[in-house]
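What follows is one structure encoded as C-alpha cells, with my remarks underneath.
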Amino acid sequence: MVLVMFACTCCLPVAQAVERLGDAENASELEQRAISVAAVQRGLLSLAEAASDEESFNLYRTYDESMGTWLQVEFLRTLLDLSMAATSAVDELKSRIDLRDHARFALWELDQTISHLDENVGGTAQAEHLRLIQVLRSLLMGTRSTVDRLSTAQSEPGP
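FYI, in the working numbering the residues of the sequence shown are 584 to 742.
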C-alpha cells in the first residue's frame, strides 16, 4: 500500500511558483517608487488645496493625471506578483502575457504623463509646485525603465 501511494505521488505534478531572474528587483523598485510617488502626490494635493483658482486647477490636473498613471503601475505590480506566484506553466504563461501587455499600456501612460509634465513645467510659477513636478518626472522616468523591462520577454516560458 505504501509503495502504491509513493508511486502515485511521484507521478503527480509538483505545484511550484515561478520567480524569474529580475522579478524581485522589479517588484522592489516599483514598491520603493510607489512610496515616493505617494509622497509627491500628497504634496501636490496639499498645494492644490491652498492655491488660487488657476494654480489650484493646474495642481489638481497634475495630481489627477499622476494618480491615473500610478494606478496602472500598481496594477502592473499586482500582475507581476501573480506571475511570480503562478503554480503551473500554463498559469505562468498567461500571467506573463498579461503582464507584458499591461506593461506596454503602462509605458504609454507613463510617456503621456511625462510629456504633459514637460509641457506644463514652463507655466509653473510656484517654486514648490515646480520642485514637485521635477521630482515626479524623475520618479516616472525611473519607473518607466522598470516597466520597459517588464514589457519585454515576458511570454517566454520560465526556467
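Using N, Cα and C, we set each Cβ at its ideal position, and we do this for glycine too.
- A straight-line Cα-Cα distance of about 41 Å links R714 and K677.
- Taking one beta carbon from each stretch, the segment 609 to 618 and the segment 728 to 735 have 3 or more pairs nearer than 8 Å; the two touch.
- In the DSSP assignment, T735 falls outside any alpha helix (DSSP H) and carries neither an H nor an E.
- DSSP, reduced to helix, strand and coil, places R603 outside both helices and strands of the structure shown, so it counts as coil.
- Contact check for L630 and H699: beta-carbon distance about 17 Å, past the 8 Å limit, so the pair fails to qualify.
- Here the alpha carbons of A689 and Q655 stand approximately 6 Å from one another.
- Considering only E692, S721, A634 and L665, the residue with the shortest C-alpha distance to R603 is L665.
- If you ignore the 5 residues before and after I716, its C-beta comes within less than 8 Å of the C-beta of T645, L700, N703, V704 and T707, all in its own chain and listed in chain order.
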